[in-house]
Each structure stands twice: as structure tokens, then as C-alpha cells.
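Taken in sequence, the protein lines are chains A and B.
Heads up, the first sequence is in UniProt numbering, so the first residue is 1 and it goes up one at a time.
Heads up, the second sequence is in UniProt numbering, so the first residue is 1 and it goes up one at a time.
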Amino acid sequence: MAHLRETSDKALKLLRTLPRVQIGNLRPNPNSKQNDKRGRAQHGGDKHGAGNKGSGQRQNFMRLGYETGNQPFYLRFPYEPYYKGHHMKRQYPPISLLQLQVLIDTNRIDTSQPIDISTLCNSGLLKLKPAELEYGFQLTDDGLDNFKAKINIEVQHASEAVIAAIEKNGGVIRTAYYDPRSLHMLVNPKKWFQKGVPIPSRMLPPQDAVDYYTNPKNRGYLANPEEISQDRLVLAQKYGYELPKIEKDSAYEMLTTAKDPRQVFYGLEPGWLVNIVDKTITKRKD
Amino acid sequence: MLKNILDKSRQVVFPVARTLTRSSVHGNVVNESPAAVATPAGTKTPLILPQNYGEYAPVSRNTPRQAWIENTDAVQERKVGLIELHPDVFAAQPRVDIIQENVEWQRKYRYVSFAQTKTRAEVRGGGRKPWPQKGMGRARHGSIRSPLFKGGGVVHGPRSPTTHFYMLPFYKRVLGLTSTLSVKLAQDDLHIIENVDIPTKDGQFLKDLIAERNWGPSVLIVDEDHMFPANICQATDELGYVNLMPSFGLNVYSMLKHDTLVLTVAAVKHLEQRLLYQLNRSDAASKGGKFKLDQV
Numbered sequence: 001m002a003h004l005r006e007t008s009d010k011a012l013k014l015l016r017t018l019p020r021v022q023i024g025n026l027r028p029n030p031n032s033k034q035n036d037k038r039g040r041a042q043h044g045g046d047k048h049g050a051g052n053k054g055s056g057q058r059q060n061f062m063r064l065g066y067e068t069g070n071q072p073f074y075l076r077f078p079y080e081p082y083y084k085g086h087h088m089k090r091q092y093p094p095i096s097l098l099q100l101q102v103l104i105d106t107n108r109i110d111t112s113q114p115i116d117i118s119t120l121c122n123s124g125l126l127k128l129k130p131a132e133l134e135y136g137f138q139l140t141d142d143g144l145d146n147f148k149a150k151i152n153i154e155v156q157h158a159s160e161a162v163i164a165a166i167e168k169n170g171g172v173i174r175t176a177y178y179d180p181r182s183l184h185m186l187v188n189p190k191k192w193f194q195k196g197v198p199i200p201s202r203m204l205p206p207q208d209a210v211d212y213y214t215n216p217k218n219r220g221y222l223a224n225p226e227e228i229s230q231d232r233l234v235l236a237q238k239y240g241y242e243l244p245k246i247e248k249d250s251a252y253e254m255l256t257t258a259k260d261p262r263q264v265f266y267g268l269e270p271g272w273l274v275n276i277v278d279k280t281i282t283k284r285k286d
Numbered sequence: 001m002l003k004n005i006l007d008k009s010r011q012v013v014f015p016v017a018r019t020l021t022r023s024s025v026h027g028n029v030v031n032e033s034p035a036a037v038a039t040p041a042g043t044k045t046p047l048i049l050p051q052n053y054g055e056y057a058p059v060s061r062n063t064p065r066q067a068w069i070e071n072t073d074a075v076q077e078r079k080v081g082l083i084e085l086h087p088d089v090f091a092a093q094p095r096v097d098i099i100q101e102n103v104e105w106q107r108k109y110r111y112v113s114f115a116q117t118k119t120r121a122e123v124r125g126g127g128r129k130p131w132p133q134k135g136m137g138r139a140r141h142g143s144i145r146s147p148l149f150k151g152g153g154v155v156h157g158p159r160s161p162t163t164h165f166y167m168l169p170f171y172k173r174v175l176g177l178t179s180t181l182s183v184k185l186a187q188d189d190l191h192i193i194e195n196v197d198i199p200t201k202d203g204q205f206l207k208d209l210i211a212e213r214n215w216g217p218s219v220l221i222v223d224e225d226h227m228f229p230a231n232i233c234q235a236t237d238e239l240g241y242v243n244l245m246p247s248f249g250l251n252v253y254s255m256l257k258h259d260t261l262v263l264t265v266a267a268v269k270h271l272e273q274r275l276l277y278q279l280n281r282s283d284a285a286s287k288g289g290k291f292k293l294d295q296v
């Protein structure tokens, strides 16, 4: 941005010596307008650059992958196991610790509240598309050394180093599974609340994700809390830092806030109805 | 008059006279205060309006912009105070190309072309074959209204109504406003007044004021409120080249249409608040979508 600042100042100084900018002396940038007329004769006339006869002139190009009579590459090998089921695989778009720190430093994320998919999407810089099989965010370790925030964050995938970086600062991290419908609600809560439908409960993870989310090493939301606190100490010893005591932290309440495995939004239970027009919540009777 | 021309030429020779850097301004204010900011006894003390960068920090703090606040209660110019302008709005990159795009858009989006020509079907007559296909020694024709005929239909002619409506991307419109305001300030065509309360409804007062201060000839006066006081309304009514506009209606075309732009302090604050909000909003990406009719 530095060069922009300098150029703007230079340009404004230059403008002081130039004639007044008026409607009459403005013109578009050179070559920014496309001429909608076809040139004649020597100005690109004759065949207008399309050549004589054939696919060049008629613009009927070969279909993708076609190799003019050869067995096409995509049919040459009968079996590609590494693509098996790729259309069903869950995607976890990455966000790095550096990105997260920048979002916090630029006030796009409030660290006094627990952070989940909604918080990240509401920052306006991150996008999640559940329809394209994106099942949440994974937190990657770029910018690990510069991560300084104390946060309570819930992501869908995180590596051991990332977990250590967050717990070293006195923060809490949890990995949790959300089914596509819950993700759809979390990505744009306001839009979903406008439907005026009671909040459904979150689904449990599919078979192949159960192992990950019940593992205390991944800080899975279905793992035994005692095993998690045990593993926090183990990780601190492994990475060689002193684990800050969150029990004595002033933000203890916030740091220990966690969603129920069936809960989608913080503070809202399944079955409740949020009326966004009247700003009221209708709760279940039982 | 001669003094005015001298003043103006001095500004050209010493271009830093109006828009000063922060450090030099403080020096100048101290030096010039006895003469330039001298106020008659009994009136308010000079007004200094600093910029509060708390909410929206500028991209660069090295390019602050300051401007004098002028009086409107007399023809004679008197500096009532000093206002610090936000650099993101009044010292933005002067994108002249985007200003041009805004002007073109403002001309086109409301323009409907009513040019109309008749096709061969719409021209009266021509249903009968003019002469037999063969045996006449003449070229074959099926209608006297064919485009080949004099008085025949027109091929690919203009059809009415043709709209030229399109929307310029939202942030090009925002950038158009900041660029134009910056250009106007840089070229000494932006003046700031304390309010629009002029003492008389006589148009001659405004004429004298504009001549005295080397404004214009055409002047656009902008206030935050859309209800202007009666005096200035009547005074500008007969002057076609002095126009009034509320700040919510400020646009690139009108700013360039007039030589001088005159903003009240309230209008400056309103414009800054609105433009800085748009430049800093976190859901800016949502404004980048396709234009939809009747959108909220």
C-alpha cells in the first residue's frame, strides 16, 4: 500500500498544476474500450483473423480430451483408484494461524466470545460452501510463531502443532463435526433465521469421522473431557511450554464455553425458534 | 479584484498554501493567526475541528488535509476556523479514469433512445409482387418495400425504446466520489463554509461573494439538510449557475458540472461518515454482486 500512498500524493500535487478536471476534458483510459465494429480491408478485414475454412473459421473446436483418432488419454488407462469416491470426500478449506491473527488484530473477530464457523464467516473475508462438500475449516500452522491471541475456537480439523500453539497462549481449541444442514445454518445465520423455522439438532458424525472426533489428541468434541485435560498436559510437556491455568483465568467462563454435540449455535438450543423480525426467541416448553 | 487575482496567482506559485502538511500547518496557524484568523470582537473564537481517527484510521497519516472554514454572513472573506479532512476521502488516489466512468454511467443509465426506423414489414404497402418473376427482363423482386428499394424498410435500424441502463460496480461509485472530492480539493475548487445562512435574499449578494472569493463562475453549494434556508433559496433561484444540493444527493457529474464545490461543515462530516463507512465495512464483498432490480 505504501506505493499507493506515495502515488496518490504525487498525483494530487501534479493536479495542482494541471487544468481543472471537467466533464469536457475527461476520456477513458487508452485501449479500455472495445470497438464493436469489424475492420475492413487492411484494418483486419478479409477473413477477420479467423483463417480460411475448417475449425478455425467455423469455431467448432474439438471436444475436450479428443485426440483426433488416437485412444484419448482419459480412456487409455482403465483404472484410477486414487479418484475413487472423490466426489464424496469431505473438504476442509484451510485457514492459517497467521490469517486468524490478522483477523483478530484488525477487529474482525472478537476474542471475548467463543469463535466458531459463524464468527469466521461473518468476518467477511472467509467463505464456506457446504454445497461444494466443504464441511468446515481446518486450522493450519502457517504463522504459528507469531500467534499471540488467547481464544476459544472450534474448527473441524487441526494439527498437533496448531493445538499446541493455541493452548500455549492459554486458549482452548476443539474440533467438531457439523452436518451439511447445520453448516448451511452457520454460514449465514441471519438468512437462515429469516425462514422462521425451529432450530434442528446437529447430526452425529458419519462412521469414518467418529474416530477423529472421539480422539482426545485431536481435541474432538466427543472425546472424554478428562482425557483431553490429561492430553493438554502431555502436549505441553512434549512441546516444552508451561500450560497456563485456565481455571484461574479471568475469562474462565468464556474459555470453557462449549456447544452440546447436538447444538448448532452458541446459546441457542435445538427446537428453539428465533424470530428475527421481533427479536424474540420462542423456547420449548418441556 | 486585483488583490484577488494576486491571491490566486500566489496560490499557484506556492501550491502548498491551501493544503498543507500537518507539521507546516501548525506553524502557519501560529504565524498567521493574528492576521488570517482575526475575528471581530464579540464573535465566536476561531473554530478548530480536528479529525477523530478513532473509528476509521486513515491508510496514511502522512497526507492530512486541512481547509479553512469560511464565513457566509458577509461578502468579505473571513476565516472562521480550520477543519481537518479525512485523507481517505479528501486525499484519495485521483482516479481520473474512474471519474470518467462515473460520468459516463450517470449519463447513460437514465438515457432511453427513442430513435425508431420502420422495417420492411412496417412500411405501408409492398404486399404485391411488383412484376412477374420471369419474362420482363428486369431483376426479380417480391416487394416494393424491400430494403433495396428507395422508400423501403431499413435493416438493423434503431428500434425504440432502447435503454442504456447499466450499473457501475458499487465500489467504483464510491471511488468516483472520493476521487472527485480529492481532485476538487487539490485544484482549489473545494471550499468549506460554516453554514448556508446568508443575510439577504438578494441574488446580488451571492454574485458579489462569488466574485470576491474567486469562486466559480458556476458553484454547487452542498449542505447536509435538504431543507435550505429561505434566503439562500431565493438568492440562488434566479442564478442558473449557482445550485443547491443536499449531501445525500452529491454525485460525480454535478461536482464536475460546477467549477467550484462549496460544502458546509455538516456536509463534510456527513460525507466523511458515509464514505468511510463504505470504504471500511466488513461485508464489502456483499456489495460486489450483480445488480438486482428492487433490491433492498
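Heads up, the beta-carbon is just placed ideally off N, CA and C, and yes, glycines get one too.
All values derive from a computational prediction rather than experimental measurement.
For K172 of chain B, the uninterrupted alpha helix (DSSP H) run begins and ends at 170-186, by DSSP. At least 8 Å separates the CB of D294 of chain B from every CB of chain A. The three-state secondary structure of V264 of chain A, taken from DSSP, is coil. Residues of the segment 176-206 of chain A with a Cβ closer than 7 Å to any Cβ of chain B: none. Checking the DSSP bridge columns, you'll see K79 of chain B partnered with B:E70. Excluding sequence positions up to five before and after Q57 of chain A, its CB lies within less than 8 Å of the CB of K47, A50, G51, all in the same chain and listed in chain order. In this structure, R202 of chain A sits near D179 of chain A, with a CB-CB distance shorter than 8 Å. Secondary structure at A121 of chain B: coil, using DSSP grouped into helix, strand and coil.
Only residues of its own chain outside the window of five on either side were considered, and among them S96, L98 have a CB closer than 6 Å to the CB of D142 of chain A, listed in chain order. Straight across, the Cα-Cα distance linking I104 of chain A with R281 of chain B is about 16 Å.
Contact annotation: P206 of chain A and Y213 of chain A have beta-carbon atoms that are not nearer than 8 Å.
In terms of beta-carbon proximity, P28 of chain A lines the interface with chain B, with at least one pair separated by less than 8 Å. Listed by position along chain A, the residues whose Cβ is nearer than 8 Å to that of L256 of chain B are V21, Q22, I23, L26.
Interface with chain B (8 Å Cβ-Cβ cutoff): S112 of chain A is excluded. Interface annotation for the segment 52-72 of chain B against chain A: V59, S60, N62, T63, criterion Cβ-Cβ distance under 8 Å.
At a cut-off of 8 Å between beta carbons, Q106 of chain B makes no contact with chain A.
Counting along the chain, the unbroken beta strand (DSSP E) around T175 of chain A starts and ends at 172-175.
About 5 Å separates the CB atoms of K201 of chain B and A235 of chain B; that is less than 8 Å, so the two are in contact. Fully enclosed alpha helix (DSSP H) runs of no fewer than 4 residues occupy 189-193, 207-213, 225-239 of the segment 181-245 of chain A, in order along the chain. Per DSSP, the beta-bridge partners of L244 of chain B are B:I221. Only residues of its own chain outside the window of five on either side were considered, and among them K184, L261 have a CB closer than 6 Å to the CB of L190 of chain B, listed in chain order.
Taking all protein chains in view, the Cβ of M88 of chain A is surrounded by fewer than 16 other Cβ atoms within 10 Å, so the residue is classified as exposed. Per DSSP, reduced to three states, the secondary structure at S60 of chain B is coil, with no helix or strand assignment.
Scanning its chain for C-beta atoms nearer than 6 Å, with the 5 sequence neighbours on each side dropped, one finds around L263 of chain B the residues I192, V222, in chain order. Residues N4, V75, Q76, E77 of the same chain have their beta carbon placed closer than 8 Å to that of E212 of chain B, with the five preceding and five following residues left out of the count.
In the three-state reduction of the DSSP assignment, R65 of chain B falls in the strand class.
Between I99 of chain B and chain A, the shortest Cβ-Cβ separation is below 8 Å.
Under the DSSP definition of a beta bridge, H141 of chain B lacks any partner. DSSP, read as helix, strand or coil, puts V112 of chain B in strand. Ranked by how close their Cα comes to the Cα of R76 of chain A, the residues A:Y66, A:Q42, A:L139 have A:Y66 in first place. For L15 of chain A, a Cβ of chain B is located within less than 8 Å of the residue's own Cβ.
When the five nearest sequence neighbours on each side are left out, the beta carbons in the same chain lying within less than 8 Å of the beta carbon of Y135 of chain A are those of R90, Q91, Y92, Q156, Y177, Y178, P180, L183, in order along the chain. Around the beta carbon of V197 of chain A, a 10 Å sphere encloses fewer than 16 other beta carbons of the protein chains shown; the residue is thus reported as exposed.
Close to S123 of chain A, with beta-carbon spacing below 8 Å, are these residues of chain B in chain order: S282.
Residue pairing from DSSP places E84 of chain B in a beta bridge opposite B:Q66. Note: L49 of chain B is bridge-paired with B:I83 in the DSSP secondary-structure output.
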